[in-house]
Every structure is written in C-alpha cells, then in structure tokens.
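Visitor:
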Amino acid sequence: MYRSDKPSNAEKNMADSISFKLNDKPVRLSVDGDRTLLWVLRTDVGLTGTKFGCAEGHCGACTVLVDGVAVRSCLHQVKDVKGKEVVTIEGLEKDGKLHPIQKAFMEHDALQCGFCTPGMILTAFGLLKANPSPTREQVIHGMEQNLCRCGAHTRIIDAIQSAAGEMKGGR
Amino acid sequence: MRTEDYLALDFKDSMGLFPQSRREFIKSLGGGIFIFVTLGDLAIGQEAGRQRGGRQGGPSDFNAYLRIGEDGRVTGFTGKIEMGQGPITSLAQMLAEELDTPLDTVEMVMGDTGRCPWDMGTFGSMTTRSFGPALLAAAAEAKAVLLELAAEALQVPQAQLVAQDGVIFDGQNKEQRRTYGQLAKGQKIERHLKAKPTLKEVAKFTVVGKPLVRRDGRDKVTGKAQFAGDLREPGMLYAKLLRPPAHGAKLKTVDTAPAKAIAGVQVVQDGDLVAVLHELPDVAEAALAKVKAEFDLPAPGVDDKTIFDHLLKTNPQGRAVSEGGDLAEGKKLASKTFEQTYLNSYVAHAAMETHSALAKVEQDKATIWASTQNPFGAQSEIAQAIGLPAQNVRVIAPFVGGGFGGKTRNTQAVEAARLSKAVGKPVQVVWSRAEEFFYDTFRPAAIVKISSGIDGAGKVVLWDYDVLYAGERGAAQFYAIPNHRTTARPSGRQGGGGGHPFATGAWRAPGNNTNTFARESQIDIMAAAAGMDPVEFRLKNLSDSRVIRVLKAAADRFGWTPAKAPSKRGYGVACGMDAGSYVAAIVEADVDAKKGTVQVKRLVCAQDMGLVVNPEGAKIQVEGATTMGLGYALTEEVRFQGGKVQETNFDTYALPRFSWVPKIETVLIEAKDSPPAGGGEPAIIVMGAVVANAIYDRTGARLFQLPMTPERVLAALQKA
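Taken in order, these protein sequences are the chains called D and X.
Residue numbers for the first sequence follow my numbering, beginning at 242 and rising by one.
Residue numbers for the second sequence follow my numbering, beginning at 8 and rising by one.
(1) Using only CA atoms, which one of 547/X, 31/X, 704/X, 399/X lies nearest to residue 727/X?
(2) DSSP has residue 117/X in a bridge; who is on the other side?
(3) Going by Cα to Cα distance, which pick from 355/X, 82/X, 297/X, 280/X is closest to residue 7/X?
(4) With a threshold of 16 other CB atoms inside 10 Å of the CB of residue 200/X, please say whether the residue is buried or exposed.
(5) With DSSP run on the structure shown, which of helix, strand or coil describes residue 470/X?
(6) From the DSSP secondary-structure annotation, give me the bridge partner or partners of residue 375/X.
(7) Under 9 Å between beta-carbons, which chain X residues line up against residue 299/D? List them in chain order, please.
(8) Take the Cβ of residue 179/X as the centre, count every other Cβ of all protein chains shown within 10 Å, and call the residue buried at 16 or more, exposed below.
(9) Enumerate in chain order the residues of its own chain whose CB-to-CB distance from residue 314/D is below 8 Å, with the five nearest sequence positions on each side excluded.
(10) Which of the three DSSP states is assigned to residue 180/X in this structure?
(11) Below 6 Å CB to CB, which residues in the same chain sit around residue 351/D once its five sequence neighbours on both sides are set aside?
(12) In chain D, what lies closer than 7 Å to residue 627/X by C-beta?
(13) For chain D, is any of its Cβ atoms less than 9 Å away from the one on residue 585/X?
(14) Consider the Cβ of residue 230/D: report whether some Cβ of chain X lies at a distance smaller than 9 Å.
(15) In this structure, how does DSSP classify residue 6/X when only helix, strand and coil are distinguished?
(16) Look at the Cβ atom of residue 214/X, then the Cβ atom of residue 143/X, and state whether they are nearer than 9 Å.
(17) Is residue 423/X closer than 9 Å to residue 488/X when the C-beta atoms are compared?
(18) Using C-beta distances below 6 Å, list every residue in its chain close to residue 589/X, excluding the 5 sequence neighbours before and after it, in chain order.
(19) Taking three-plus beta-carbon pairs below 8 Å as touching, is the segment 403-415 of chain X in contact with the segment 363-381 of chain X?
(20) Using only CA atoms, which one of 452/X, 485/X, 575/X lies nearest to residue 754/X?
(21) Residue 685/X lies in the alpha helix (DSSP H); which residues open and close that run?
(22) Can you give me the Cβ contacts of residue 702/X inside the same chain, cut-off strictly under 7 Å, excluding the 5 residues immediately before and after it?
(23) Where residue 415/X and residue 128/X are concerned, what is the direct C-alpha to C-alpha distance, given to the nearest angstrom?
(24) Going along the chain, which unbroken runs of the beta strand (DSSP E) with 3 or more residues stay wholly within the segment 569-636 of chain X?
(25) So what does DSSP say about residue 374/D, is it helix, strand or coil?
(26) For residue 274/X, which of helix, strand or coil comes out of DSSP?
(27) Output needed for residue 279/X: all residues of its chain with C-beta closer than 7 Å, excluding positions within five of it in sequence on either side, in chain order.
(28) Determine the burial state of residue 341/D: buried for a count of at least 16 other Cβ atoms within 10 Å of its Cβ, exposed for fewer.
(29) May I have the straight-line CA-CA distance separating residue 235/X from residue 334/X, to the nearest angstrom?
(30) How would you list, in chain order, the residues of chain X whose beta-carbon sits under 8 Å from the beta-carbon of residue 364/D?
(31) For residue 220/X and chain D, any beta-carbon pair shorter than 9 Å?
(32) With a CB to CB cut of under 7 Å and the five nearest residues on each side skipped, what residues in its chain are close to residue 484/X?
(33) For residue 396/X, write down the residues that DSSP places opposite it in a beta bridge.
(34) Judging by CA-CA distance, which residue of 560/X, 325/X, 657/X is the nearest neighbour of residue 678/X?
(35) Are the C-beta atoms of residue 344/D and some chain X residue less than 9 Å apart?
(36) Give me the subset of the segment 354-366 of chain X whose CB atoms are less than 7 Å from a CB atom of chain D, sorted by chain position.
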C-alpha cells in the first residue's frame, strides 16, 4: 500500500533512496530527502493520522516517534530518518489491540474534535518511555508544547496518568 | 420537562418540495421504514436564519429523517456536523431511547448534502435543543409504524405489545416476538409526520441521561478518523494560493513564470485568484514562494491600539434590547453611581485543523469534502461560484477539526471548487496557519459602556448599558433592577463604514463573552462599593430562580465563605445565560505581582441546561469551554496594522496550554422538567469576568480590557 517507488515529476532529478522502518515494516522511498517527514508520510506513504497543524513546530499535531523519541515531523527532513525506526499513530494498535495510551484516551474521553489527538498520544508515548511513572506536574511539563483548542487538557493529563499506571513501566 | 415543551412542532407534508436528488438517494437505499419530519416554529433560530439567508421560496425540505433498514439497523440523517462537540453520540442516544433499540444499532449520517435533510448549520448550540425534537418525533413515529406492523404480524392488539432492545413482543407471551429487522423486511414504507406523535416520558428514559464516552473515540485515537485534508482522490492536485499582504491590497503585477518552470507545476490565474498546483503539497508551496507579485497597499489604517477610538467614531445606530422603569428615577434613587467602559480585542478561532477542502468538479456535477459548519451554505456558495445548479453540487463535511463559529465561512471550499473546475482534476486546498489567521472571521473588537447605581441598602436601582460591535446576545441584564435600559449596536461589517479592517463573525457564544465580562465586572464593582460579598450582592439583586439556583450550586461546591472584595483570597464569581442555559462560575486565582501573570488554580462551574442527554458529553463541553475561555481572558488578541494581520502562527498568538488549566469541577443541575438547552457554548461566557473579579479580589486591581495580559495586569496593579 505504500507508494514507495513512484517519485513525483518534480523530484525525479533529485530523488534519494531512503530506507527506514515504519510502523514495524521496512520501507524504501524514492523521494527528495530534503522534504519534510510530515508531507512524505501524509502524501507519498498515505498515512494521514499525522496531522498538519502549523508547519513550524508550535502545535505538536504532527508528532511522530523516531527511535522512540517524540519529534515534530513538520521540522524533520525525511533524510534524517534513514535507517531509523518511525512510528505513527497508525502503528500503535497491534493485532486489533489498542495501546494502553489509546485506550486511556478513549476511556477518559480525552478528546473532542480529535485533530490534535494523534500528536498528543505520541507525545505521551515518548514521555512515558522516558519517564514511566511521571507525576502530574511532569505530565503537564511534558505535554506543554502540544496545543488542543477544544480544551481536553485535564482529561488528557488523567488519561496519561492512568495509562502509566496500566503500563507499569512496560512497553 | 413537559412533553409539550418538546413537541412544539408544526407538522406538514411538503413532499412536493423534496429535492429530486435526495428522492433518488432514498430509492437507492432499498427497503425499510422511512420517516420524514418537518420542523415548525420551535426552531426559531433556524426559521429566522432561513429568512435571513434569503433564497427566494426556499430551501424547503424535511428537517429530519430516519430509516429502519431490513437488517433492523437505524440510521438518522442530519445536516449537522461533528466537530468535537459530540452530536454523533448524543443524537444517536436520543434515537436509541425513543426507539427502544440498542445504541450500537443506531448510526448517524451527518453533514452530507446529498443524503441529509437541509440544515442551516451547526452553531448557536442548536443541535440538541432545535434539531433534537424533530429527530425524537421521527423516532416516535417509526416506533408507531413498527408497532402497527407487529400487531398485524403477531395478531395481537397494539396495546398489548412491548418494544424493547430492538424487539417487539407480546406482553402476555414473550415468545411471540419480531425483531425490528424482521418487521422492516420487504417493506417500503414512507411516513410523513402530520400529527404530533406521543413521545416517551422523561421518567422512563434509560439511554438519554446516561453518561457515554464518544462513539468516534476509537477512530480518533487510531488515526482512522478522516478530516477533509486527509482525503485523497486519484489524479488530485494540491493547490497553494497567492495571498495579499494585507486586507484591502490590490494585485498589481504577477509573474508566475519561475513557478511554472518547476516540473509538474500548474498555474491557474483567474482574476485575483492565482494558484500554484502540484501533485505534492509541499512542492506546490515551494513553487508559490517563487511567484513574484506586487500589490497596491491600502493607506495604513487603524491598528490594534487605535481601533477602539476608530470604532467609537463609526458608532452605528443602536436599538433598545430591553428596558424597564425610568432611568431618571434610577439616578435619583442611587446613592452611588458607576460609569465604566469595557473593551475587548479581536480574537481568532484558531481551530487546530485549518480550513481544508477537496473538490472534484466534473462536467455537470461536483463533490466537495470540506471542513465546514454549514455544508448547505457551502453548497450554494460553490454552486454559484462554478455555475452549477445547487442540486448538482454535493458537499460532505467529514470529521471537522474544531469550528467554534470559524468554519461557517467556506472560502477554502469555493477556492478548491473553482480550481478543480479550472484544471479538470480533483484539487485539495488546505490553508496554512498564516492563511487561517489572515482569513479568519474574528470575534469583533467591542466596547461596552455601563452607567449604573446602587442605593444605600445595596440594591441596584439604575442600569444603563450600551454595547457596541459585540452584538446583543447576552446583553440584556437579568438582575431585578427597577430602572434599566440595554442598547445594542450591530456587530459591524468589514471596511467602509462598517468599522472593522477585516472580516468578523460568530465566535463561540457570539457577543455573550463581551457582554458577560462587562456586566459581571460592573456587578462586582458595585458589590465592593456596597461593602458586600459578591455572591451575596448578586443574590440580593437576583429574582430569576434558575440563575439563583446555579449561583448557589457553584458557591456550595466551591465552599464559598462570604467576604468583601478584595479579600486577598483571589476568589472570583460570575454568572450568565446563554443558548437557554444558566451558568455560574467561581474561581480561585493567583497573580504574580512582578510578572503580571495570572494562574487560575481552581474552577467550579455550575450549569443548568435543562434535560441533559449525555451528562459526560455535557461535562466535557463545560471543561472545554472554560479552558478555551482562559485564552480570551488572558492572552488571545489579534494584533494588526491596517489590514495587515500580525499573527501568523502560535508563537505570537498564545492559546491555553496544559500548565494553565485549573482543577475543573462541573456541577450539572438536575432539571429534567426543562427541555434540553444549549451545551457547547454557555460555559465560556463567564471566563472574562470570573478571572477579572478574582484578580480584583486577590490584588485590588480592576481590569477593564480583555485579554488581561501581563502588561495590562501590571498597569492595573500600578493604579490600584
């Protein structure tokens, strides 16, 4: 399903071959390596769960994991993920089983319009990976650079804390 | 709630006006039971809107319909859209309740002009209170049809039948049963409501009133939920459009050759519309940067500092919204009078999803997927722009990534449609954040002047209120004041004599944020001057039992103890009414006297919204509205110079963040005897005043302008 071998006309002359692991599967793309990871994911690869919100790293809607670290895909060039492991929101669910953070967001109703949600969940993932049992203050600090306009903040904090409890340092 | 409150419907058969395309759609659905309802005068907002919207003689359409399929599944069709406020859950809940069928057999089809009944748009907290009754009526009628069918199939009198969990059985012999699917099988029944059906009594509700988590939650946590910018069509192009540097600028010269030189780039130029298209959005964006354009700039006009003087000069004619008693008499009775002016700046909607649309215009028809709060409005705008009859234009609103009133303007959908027509391919337009700030229909800057007075006993005896540019929603005061007058002036138009340098429009609870800030600040000022506790002062001057009830509920939950402000505790209180709901909020806030920053630590919000369909959804709306409200209270302000909007992204325009959010406690008043009122907006209205009053209580400094930025707080502290 990944459109890995079809360079755009514009990019033909400068297409690089870029290989990395995406949601546990190896991919090889022939794209201009200077393009942002955000737009390569959303167009060439067709994974639209990674959202465009501001293009300047202010909102966090485009957050993905690169080698387990939450990064802003709008500020990341695709050549920077060569040989690395990228996880998007589509890669968290395993065999129809939601990740505990996804489950906690649902159970706590920690979303409204849902547009910031993928970025929130992946930022939380990176946060819990670095600090499996954060205090409330640490959750707030870790999520501070992600914006939500609907005002789901308090529920997002609760969801992350309850997911941390369920994960007990695992995953 | 009295059933009559819920049933002020004017049922009529307007079959002949049912759009042909939708007739065909219904035919294509196959067998089952179909119910059509036309809303009457209960939907005052919608009816008024139709008249304002002004298409001659129309649109005339059903307001709701539903289908029970041969598989027993129920589908409700509505032109309302889901933008996070939750009708995808609450409307299904209402259908399941009235139809006595499991919630998971109910599906909502929303915001699709090709499949759903005409709707004015999703705003004004109208979905539950205005559309809900039509949907319930349709459900009740559907159940009546099912009972008729079951009575015949089972040869049992209707009165003896029981409907439960999607099954109708004989109350005297449970083995005698038919599922809804069995009853609908092989049928093609169409019913048009002409008489009011009997609705279920509220006391018997088992699904409505039960807290439910969102039904779209799973799709939204897995990335499956699709927004307009996520949709793809074969052969589609992404478009970036040339934008002027300021509102009022005129394109003088344009050179698109450097963009055209990039392989795969297509340029469309149609008057002022200049766009660069490519099969990759980022390449289109890079190509647009190569377009050389010169603009004639308008003379430098007002800016965010001079705007209030400018607005006062263009002072539009006002009209009295409410009045009573005699102002001269009030002045005589007053032992103390207070004259104040309150200001608030332009505020952006700033939904996380920017305006987006995908348009596929073919020979004689068009399909447009758009982030819009009013798909039917978009349909007529697009039809006009591309020269097709409206019935050949289908607009679909997929999940919308936040609206707050900002997605009632459909410019991006019209742009996508025009470009698709020009290039003969599907075209997607997704605005950048800078475009979003530039073309937003901001909440208008506004001015409120109040002259009020109290007598020696702490009774408000005089209230002369004049609101400019905010609009009249929430302007009329609801205290027991013998001599009062409220004048509201129009919210103003863009340019010319209209006053505003750019477009303004509805912003979550339009007008009411401005009005509640001014009124509840003024009430607090009078309470302090009377030497009274602000809650007691309000109770002394209120007679409306529902306001009194929410205020007391908030004070109880908060654990309010009376004290004259400033008490140094940092407690603030405010109350108001919006969209038929009653709200009272109390906060505890801290002020950093060196930096001028304000931290709200705790918030209690009590809301009486009548019958609550989904208490969980209602609580979330209160939390969301109050959190969002912290933004306009503390930081959100659009800065501009003439028609040039300085905000281009979130680095300068500060939205509420995680660290701002207080502990929020929501109290929903049990008011099952009142029909459902609005829920998406009301709680936001109190946030300006409740924070201003808390700042005063903490520091003795009074703020008269929103947002209460550190700079303004420091200036007020200097004066205090």
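Cβ coordinates follow ideal geometry from the N, Cα and C atoms, glycine included.
Guide: On the basis of the supplied data:
(1) 704/X
(2) 85/X
(3) For residue 7/X there is no data in the structure shown, the boundaries of chain X being 8 and 727.
(4) buried
(5) strand
(6) 366/X, 402/X
(7) 440, 656, 657, 658
(8) exposed
(9) 277, 278, 279, 282, 291, 303, 304, 305
(10) strand
(11) 393, 396, 397, 400
(12) 350, 353
(13) no
(14) Chain D is shown from 242 up to 412; residue 230/D falls before or after that span and cannot be answered.
(15) Lying before the first or after the last residue shown, residue 6/X is absent from chain X, which here runs from 8 to 727.
(16) no
(17) no
(18) 553, 554, 557, 615
(19) yes
(20) One cannot answer for residue 754/X here, as it falls past the ends of chain X, which runs 8 to 727.
(21) Counting along the chain, residue 685/X falls outside any alpha helix (DSSP H), and DSSP gives it neither H nor E.
(22) 596, 598, 605, 708, 710, 715, 720
(23) 8 Å
(24) 578-585, 588-598, 605-615
(25) coil
(26) strand
(27) 258
(28) buried
(29) 54 Å
(30) Per Cβ cutoff of 8 Å: no residues; residue 364/D is ~11 Å from chain X at best.
(31) yes
(32) 470, 472, 491, 493, 526
(33) Paired residue(s): none; residue 396/X is not in a bridge.
(34) 560/X
(35) yes
(36) 357, 358, 359, 360
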